[in-house]
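> This is the structure I want to talk about, given as structure tokens.
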Amino acid sequence: MINHRFAMLIKVQQQREEKLQAQFINAQQFYQQTEQKYQGLANYRTEYILQSQQQGSSGLQSRQYNQFVSFIGKLDQALVQQTKAMHQARQVAEQRKQTWLEMQKKRKALELLVQREQTAALQQQMKQEQKTADEYASQLFMRRLALEKSAENS
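Residue numbers (our numbering): -9 to 144.
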């Protein structure tokens, strides 16, 4: 009865929770990918500068130096863009995590409500059964007493 009333609602909550969890996992994976891209760009920039310094120790022409500065500028712009993408992906992942955890909390609260309702219904049923058993025992006692009195009178 109570299970039947809330079973569908709990099932819907679980499905929503699973969907939100999957969205969080996807967002977290995307964040990790953007972080890896950032690290890859930063490492490439560092390696490029080191290689250029080694090559430049023998001297650079002005055209080569201008190309170097231009390319480093482009790498810096890419790092800035990737940083923004990484921060945005982190925010999205955190929002999805919070939404998922809120849904999980709602589901658990609903399950707790159902459990309390079931416990209350079971206690009520046990109380009613005890009352019925007490009434039966009382009636049985009264019959025996009546039988004993009628046996004494005869």
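No residue lacks a Cβ here, since even glycine has one placed at the ideal position from N, Cα and C.
For the alpha helix (DSSP H) containing Gly151, name the first residue and the last one.
The structure shown does not extend to residue 151, since the chain is modelled only from -9 through 144, so no value can be given for it.
> Taking the runs of the beta strand (DSSP E) that are 3 residues or longer, which of them lie wholly in the segment 72 to 143?
Those beta strand (DSSP E) runs which fall completely within the segment 72 to 143 and span 3+ residues do not exist here.
> Leaving aside the five residues before and after Gln72 along the sequence, list all residues of the same chain whose C-beta is less than 8 Å from its C-beta, in chain order.
Answer for Gln72: Thr24, Lys27, Tyr28, Leu31, listed in chain order.
> What does the alpha-carbon distance come out to for the pair Ser140 and Arg134?
Distance between the alpha carbons of Ser140 and Arg134 is about 10 Å.
> What residues in its chain sit with their C-beta under 8 Å from that of Ala127, if we drop five residues either side in the sequence?
For Ala127, where only same-chain residues beyond five positions count, there are no Cβ hits under 8 Å.
> When you compare each of Lys121, Lys117, Ala110, Arg97 to Gln5 by their alpha carbons, which one comes out closest?
The shortest C-alpha separation from Gln5 is found at Arg97.
> Evaluate contact between the segment 1 to 15 and the segment 88 to 103, counting only Cβ atoms and requiring at least three cross-stretch pairs below 8 Å.
Yes: the two stretches touch, three or more of their Cβ pairs being nearer than 8 Å.
> Note down the Cα distance separating Gln19 from Gln67, rounded to an integer number of angstroms.
Their backbone Cα atoms lie some 24 Å apart in a straight line.
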